[in-house]
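**Q** By my numbering, the letter at position 18 of the sequence shown is numbered 197, and the numbering carries on one by one without gaps. Just dropping this structure here.
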Amino acid sequence: MIHESANIRSDGYINSRYRYYALALLTTSYMFNFVDRQILSILQEPT
């Protein structure tokens, strides 16, 4: 018996809710990476 994923429609496209969740997750991780780099550059002592 083959079970289809709940996020994949019968025509092969991924559910839009899953796409927006993945986009939000990637955007949030990018934002945290950017903020972390900015904080590190602010806290770094000038040489």
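The beta carbon of each residue, even a glycine, is placed where N, CA and C say it ideally should be.
Could you check the C-alpha separation between Arg198 and Ser220 for me, to the nearest Å?
**A** Locating residue 198 in the sequence shown gives position 19, where the first residue counts as 1. Locating residue 220 in the sequence shown gives position 41, where the first residue counts as 1. Arg198 and Ser220: Cα-Cα distance of roughly 33 Å.
**Q** What residue range does the alpha helix (DSSP H) around Ser195 cover?
**A** Sequence index remark: in the sequence shown, residue 195 carries index 16 (1-based). Ser195 -> alpha helix (DSSP H) spans 195-222.
**Q** I need the straight-line Cα distance from Gln217 to Asn194, nearest angstrom please.
**A** If you number the sequence shown from 1, residue 217 lands on position 38. If you number the sequence shown from 1, residue 194 lands on position 15. Taking the straight line joining both Cα atoms gives about 35 Å.
**Q** State the Cα-Cα distance for the pair Met210 and Asp190, rounded to the nearest angstrom.
**A** The residue given as residue 210 occupies position 31 in the sequence shown. The residue given as residue 190 occupies position 11 in the sequence shown. The alpha-carbon atoms of Met210 and Asp190 are separated by roughly 33 Å.
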